[in-house]
Structures are given as structure tokens and as C-alpha cells.
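Asker: Got a structure here, written out as C-alpha cells. Questions coming.
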Amino acid sequence: MEKLIDRLSAVVAEAFSAAGYDPACGRVTVSNRPDLCEFQCNGAMPAAKQHHKAPLVIAQDVVDRLQDGSVFASAEAVKPGFINLRVQPAYLAAHLEQMRQSERLGVTGERKPRGVVLDYGGPNVAKPLHIGHLRSAIIGESIKRIYRYFGDNVVGDIHLGDWGLQIGLIIAELERRKPDLPYFDESFTGPYPEEAPFTISELEEIYPTASARSKEDEPFAARAHEITFAVQQRRPGYYALWRHIMQVSVADLRKNYDNLNVSFDVWKGESDAQPYIPPMLEKLKAEGVLVESEGALVVPVAEEGDRKELPPCILVKSDGATLYATTDLATIVQRMEDYHPDKLLYLTDKRQSLHFEQVFRTARKGHLVPPETELQHIGFGTMNGKDGKPFKTRAGGVMRLETLIADIVTYVTDKIRENQTVPEDELDATARCIAIAALKYGDLSNLATKDYIFDLERFAAFEGNTGPYLLYTIVRIKSILNRCGGEGDWAMAPADSESAKALQLELAQMPDALQMAYRDSAPNVICAYAYELAGAVNRFYHETRILAEPDKQKQAGYLALIRLARRALEECIDLLGFSAPDRM
Ligand code: ARG
1 MEKLIDRLSA VVAEAFSAAG YDPACGRVTV SNRPDLCEFQ CNGAMPAAKQ
51 HHKAPLVIAQ DVVDRLQDGS VFASAEAVKP GFINLRVQPA YLAAHLEQMR
101 QSERLGVTGE RKPRGVVLDY GGPNVAKPLH IGHLRSAIIG ESIKRIYRYF
151 GDNVVGDIHL GDWGLQIGLI IAELERRKPD LPYFDESFTG PYPEEAPFTI
201 SELEEIYPTA SARSKEDEPF AARAHEITFA VQQRRPGYYA LWRHIMQVSV
251 ADLRKNYDNL NVSFDVWKGE SDAQPYIPPM LEKLKAEGVL VESEGALVVP
301 VAEEGDRKEL PPCILVKSDG ATLYATTDLA TIVQRMEDYH PDKLLYLTDK
351 RQSLHFEQVF RTARKGHLVP PETELQHIGF GTMNGKDGKP FKTRAGGVMR
401 LETLIADIVT YVTDKIRENQ TVPEDELDAT ARCIAIAALK YGDLSNLATK
451 DYIFDLERFA AFEGNTGPYL LYTIVRIKSI LNRCGGEGDW AMAPADSESA
501 KALQLELAQM PDALQMAYRD SAPNVICAYA YELAGAVNRF YHETRILAEP
551 DKQKQAGYLA LIRLARRALE ECIDLLGFSA PDRM
């Protein structure tokens, strides 16, 4: 269905045309002076240049044709040539009634759906998920939902860090501790026991220990390198251990991402890209872009006009080892083969921007992707503590995601217990729901590229620009609707107060907000919209006696309005990746 702003623009364009002016000047925008009007059109200024007339005369000619009251309650020309508009309540209500009857509140896409591969995981197996992985999961999950909402076919790939030295370190440490395991026997060929010879907590303890040991124990470090190489050659015993590490680690990762309401369609990893490396290097050689430099194989990616120096992309070191960029390029080849996407989107910390710049340029120069395939990296800022430094535990260590979530849940549980609104058996689920909203909204409401400060009290507050405030607004609407029998077929009615009209106008803007969020891959736009909408709901609620309204028809209009607001808010938070409880 057409957006309100487009409908109004069409009416004003028609008036421009009827008055003998260019209809392209009839574009209407939401007023930036809500005290004066709801919408405005500044087209008389450009029309004045075209037609060599005073803008005010043109504006007056146009508003003279907008006086029949069917669309605009008022249309005025003001100096120097602005057109100030207020929409007719009945017209607005009819528009919202259409929104109410449309399955997706009138939101439609603006372009042909795309195939997208979204890379927003990047956890490293055998290492606990930490805060660094949090932002990519939260932002990526939301972008995935937004893209899908507009019809894109999105494959979310976790892209596990499951290859490389960390595996060698773990196995070397296991070899020290449990040398009798059959896997270390040169002649091991199986069978592969189901059960892993370690638990997830052991695994998480082994890695840091091994990593520390490798820094002081030269032979141990050498052994870890040897083992890494042997795993990559798939020596059966080591390979079996690698699979155990994967299994234990992936089970734990799944649990953690589930808790965050984040999911992936594909659980591939760096290891899956390895077979694509040799043919990719051949292709880059054949394209003439891969050259030797001091024994290494590199692709020079600097271009004329670069504002900063771009070092060559190193793909094979002089000792034959491949690097992070090599794997990412091979992964591009694999993804092109598997999905033929129109777009590849990566979400990582912005400190990886140079890496992606090099990788993308190499992919272009080597024709690993067709020219029309879009390659984009969104580099996000850091989540900091109140001291402005990257978020740490109280003891100064790396904060685990699990711990962070548990801390927020505890805080929220105490809060809702005080309010005594939630029965004891719903307490935990409700607290979790609110905690995730607090965490995700706190993150997503910022521009992704900016650093932000994690502030528990502020993020978890029920008032203010927070996730819990949105939930609170939804819960409030749910409770009113329930007290009115919930499911009446209430139709939209013309607004009979300022606050009702403001809420209706806010609702009519939802498609614009979602389209902008989609266009810019920017969940923060949805946050800002949902916050405004919740504000309009609460102002309406405070100024209107909804439950006590004796006129049943009037009351039905109010109920239709808040029910539509509830749908809109729920749609928004779903796109942000969280949901509302029934009580809080
Ligand atoms: N595993 C990497 C890390 O922890 C992140 C991977 C991001 N994705 C990618 N395709 N490079 O830093």
C-alpha cells in the first residue's frame, strides 16, 4: 500500500500541476515545526525560480486548490513561500484502517529482493564467547531480520574460527596431560569414540594455559605448530581430536547464541574454506594479480587516488603458511559457488577494516566475484565500561558473555521482584526477556560505528530511551486490551484529541522508518522510531480515559489505535531481535 507521505505528495503535486506549475515541486515532508503544522511542502521556492514568480504567490495558488477539506484540515501559505499542512482526521483514520487491515502494516519493499550472505559470528572454537563477539551477533541478527522483512534471501553464516594455532595449542596441552589417549598414537586410525576426552570447562581452561605456556616454553610452542600442521594434513588421531573439540565447543556456542536470541543458518568455519585455497591461488596467479615479494605471495592492492597507504594483501608467507586474508578470500569463493549472492556483508570490530579493504580489493582484482556483487564490511565500535575503556570484569579480566548476561538477569530480577507484578514462576523467563531487551537495545540504539558505554542501570531502566521502556509500553497496552475483552474487531476512528492524532501520525510513519533502516542497514533507525512511537502511546494513554470511556464507539476507536500501536512496536522489537513478556 502507498505510504501516507506519498499520498499527500501526490495530492499536492496535483495542485501544483492544476495551478500551472511543475508537479515535481509538490513533494511533502514531515514538518520540522510540529507546533505550526504536521506536514510541509517547500516546492514553491524551486517553482519560483522556474516560473520567475514570487514563491508566496505560487504557494497561495497551490493552497487555494487544497481547501475542499477531503485530505487536508488546513493548508496555508506562509512567508517566504512555505506551504503548511494539517491532515484531515477522517483521511488519516482511513489510511490507518488500511494499515490495520494489511498484514505487514502497509510496509512494502522498494527494490527487488536480493540474495545476501551475512557473516556475523566469528567465534573461535574452544575459547569462550566474549564481549567482542557480542556486537557482531546483536547487530547482525537485527540486520538479518530487517533484510528478510523486505524479502531478501539471507544466509546467516557463523564462520567459526576453527582452524589454526589455537587447535595445535590445545592438542599439545592435551598430549602433555593425557599422553595415554589413543589419539596420540601414530598408528591411530579409529574408531572414533563418541565421547570427547574433555568437557567444555576443561577445554576453556586448557586454551589459556596452553597459550601462556607457549610463550615461555619454546619446545612446547614448536610442538603446537607441528600439531597444527598435522591437523591440517588430517593425521587421523589429531583430526579426531579436532572433531571432538569442535563438537564440544559448538554445543556450547549454540547454547550461548540461543540465550541471546541469535541464530545462524549455516555453521561453517574457516576449516571449510581450506580446500578452496589452492584453486583460488591458481586463479589469482592466472589473473596476473598474485606476485612474489620477498619469498611471500602477495596481491598489491594500492590504487591511484588512495587517501591512505594500503599495504599488499599477503596470502602465502615465505614458510608456506596461509593467513586470515587467504581464508576469507577462499570463503568468498565458496560462498559464490554455494549461493551466488548479490551481496556479501561482514560485521566485525572496526579494527578489521583494513583487512576487509584488502580482501575486497583482492577479490575484485582477481575476479573472484562478478562486478555487480556488492561487498560490504560494517565495522563497529567497542563496548566500553564506565571508565571509557573496553568493558572488563570487576577483577579486570576479559568479560564472558555468559557472565554479562547473568549479571543483567540478576539485576532485572531484583527490580521486578520489588514491583511485585510478576508471579514467582514467571520471574526468571521475564527477567531474561527484559535483560536481553536492555542489552540489545542499549547496543542497537547507537550508530554501529560508534563506541558506547555499557551502563547497566541506564540500559535496564523502565523509563527513558531503553529496551525495557518499549517492553513496558507493550505490556501496558496488552493489559488494557485484556481488560477490554482482548479480541474485539475495533476499527480505526478519526482522532478526537491532539495526543490521538499525534499517535496516528507517528504510526503512519512506520513504513518510512523501516525502509530507511533497510536501505542503510541501520537498526538504530528502528530504535529511534520505536522510542518516538512509545512516547506517543504513553502521552495518549495519560491524556485519555480509555477504560472509563462510557461511549462504546469512542472506546472502540481508542482500542483499535493502541492495538495497532502494539503491533507496530512488536514488529519493531522483533526486527531488533527481542520480544516482550506478558507482565513486568
Ligand atoms: N574469528 C575472528 C575473530 O574472532 C572473526 C571472524 C570474522 N569474520 C570473517 N569472515 N573474517 O576475530
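If you're matching positions, the sequence shown starts at 1 in the UniProt record's numbering and goes up one per residue.
Glycine residues also receive a C-beta, built at the ideal position from the N, C-alpha and C atoms.
Below 9 Å between beta carbons: does that hold for L344 and V154?
Answerer: No, the pair does not count as a contact, with Cβ atoms beyond the cut-off.
Asker: Going by DSSP, what residue range makes up the beta strand (DSSP E) through E218?
Answerer: Premise fails: E218 lies in the alpha helix (DSSP H), E218 to Q232, not in any beta strand (DSSP E).
Asker: Keeping to the same chain, check which residues put their C-beta closer than 6 Å to that of M45; ignore five residues upstream and five downstream.
Answerer: Excluding positions up to five away in sequence, the list reads P55 and G81.
Asker: Three-state secondary structure (DSSP) at I158?
Answerer: It is coil, neither helix nor strand.
Asker: With a floor of 4 residues, list each alpha helix (DSSP H) that falls wholly inside the segment 85-165, ordered by position along the chain.
Answerer: Those alpha helix (DSSP H) runs which fall completely within the segment 85-165 and span 4+ residues are 89-101 and 131-149.
Asker: My understanding is that L564 touches L507, with C-beta atoms under 8 Å, so please give their C-beta distance in whole angstroms.
Answerer: L564 to L507, Cβ: 6 Å. Contact.
Asker: If we count the other Cβ atoms within 10 Å of its Cβ and call it buried at 16 or more, is G190 buried or exposed?
Answerer: Under this definition G190 is an exposed residue.
Asker: To the nearest angstrom, report how far apart D455 and S9 are at their CA atoms.
Answerer: About 43 Å.
Asker: Got a sec? Which residues, its chain only, sit under 7 Å from G168 by beta carbon, not counting five neighbours each side?
Answerer: Closer than 7 Å at the Cβ level, and outside the excluded window around G168, lie A224, H225, I227, T228 and V231.
Asker: Taking Y346 as part of the alpha helix (DSSP H), name the residues at either end of that continuous run.
Answerer: No alpha helix (DSSP H) contains Y346, which is instead part of the beta strand (DSSP E) from K343 to D349.
Asker: What I want to know is whether the C-beta of G379 ends up closer than 8 Å to one or more non-hydrogen atoms of ligand 2.
Answerer: Inclusion of ligand 2 in the displayed structure is not the case, the ligand content consisting of ligand 1 alone.
Asker: Taking the straight line between their C-alpha atoms, what separation do you get for L375 and A493?
Answerer: If you take the alpha carbons of L375 and A493, they lie about 47 Å apart.
Asker: My output table needs one value for I83: the three-state DSSP class, helix, strand or coil.
Answerer: Residue state, collapsed to three classes: strand.
Asker: If you run the structure through DSSP and keep just helix, strand and coil, what is L383?
Answerer: Contrary to the premise, residue 383 reads as Met rather than Leu in this sequence. It is a strand residue.
Asker: Residues bridged to P390 by DSSP?
Answerer: Paired residue(s): N384.
Asker: What residue does the alpha helix (DSSP H) around Q504 start on, and which one ends it?
Answerer: Here the alpha helix (DSSP H) through Q504 covers E498 to A508.
Asker: Please list, in chain order, all residues of the same chain as E463 whose beta carbon is under 7 Å from its beta carbon, the five residues on each side excluded.
Answerer: Hits under 7 Å: Y469.
Asker: Quick check: what's the CA-CA separation for M280 versus Y441?
Answerer: Rounded to whole angstroms, M280 to Y441 spans 41 Å at the Cα level.
Asker: Using DSSP's beta-bridge definition, name the partner residues of V316.
Answerer: DSSP output for V316 lists L297 and T322 as bridge partner(s).
Asker: Quick one: is the Cβ of G122 within less than 8 Å of any heavy atom of ligand 1?
Answerer: Yes, since a heavy atom of ligand 1 falls inside the 8 Å radius drawn around the Cβ of G122.
Asker: Kindly indicate the opening and closing residues of the alpha helix (DSSP H) around S9.
Answerer: Per DSSP, S9 belongs to the alpha helix (DSSP H) from L4 to A18.
Asker: Please tell me whether, using a cut-off of 8 Å, the distance from the CB of S136 to the nearest non-hydrogen atom of ligand 1 is below it.
Answerer: S136 Cβ: within cutoff of ligand 1.
Asker: Taking 8 Å as the cut-off, is the CB of G140 close to at least one heavy atom of ligand 1?
Answerer: Because no heavy atom of ligand 1 lies under 8 Å away, the Cβ of G140 does not count as near it: no.
Asker: Classify E457 as helix, strand or coil using the three-state DSSP reduction.
Answerer: The answer is helix: DSSP assigns E457 an H, G or I state.
Asker: Flag D119 as yes when its Cβ comes closer than 8 Å to any non-hydrogen atom of ligand 1, and as no otherwise.
Answerer: Yes.
Asker: Can the beta-carbon of Q509 be found closer than 9 Å to that of V12?
Answerer: Against a cut-off of 9 Å, the Cβ pair of V12 and Q509 comes out as no contact.
Asker: Determine whether the beta carbon atoms of residue 587 and R566 lie at a separation below 9 Å.
Answerer: Residue 587 lies beyond the range of the chain shown here (1 to 584); nothing can be said about it.
Asker: Cβ of Q166 within 8 Å of any heavy atom in ligand 1?
Answerer: No, the Cβ of Q166 stays beyond 8 Å of every heavy atom of ligand 1.
Asker: Starting from the Cα of Q274, find the closest Cα among V316, V250, L181 and E303 and give me that residue.
Answerer: With distances taken between Cα atoms, Q274 lies closest to V316.
Asker: Give me the Cα-Cα distance between E304 and L310, rounded to the nearest whole angstrom.
Answerer: When rounded, the distance between both Cα atoms is 11 Å.
Asker: Can you find the residues in the same chain that come closer than 7 Å, C-beta to C-beta, to T473, ignoring five residues on each side of it along the sequence?
Answerer: Result list for T473: A534, V537, N538 and L569, in chain order.
Asker: Helix, strand or coil: which one does DSSP assign to V398?
Answerer: Three-state DSSP puts V398 in a strand.
Asker: What do you reckon, are the CB atoms on I378 and V412 nearer than 9 Å?
Answerer: No. Outside cutoff.
Asker: So is the beta-carbon of T331 under 8 Å away from any non-hydrogen atom of ligand 1?
Answerer: For ligand 1, at least one heavy atom lies less than 8 Å from the Cβ of T331.
Asker: Could you check the C-alpha separation between T410 and G385 for me, to the nearest Å?
Answerer: Each residue's Cα considered, the two are about 19 Å apart.
Asker: What are the start and end residues of the beta strand (DSSP E) that includes C41?
Answerer: Per DSSP, C41 belongs to the beta strand (DSSP E) from F39 to C41.
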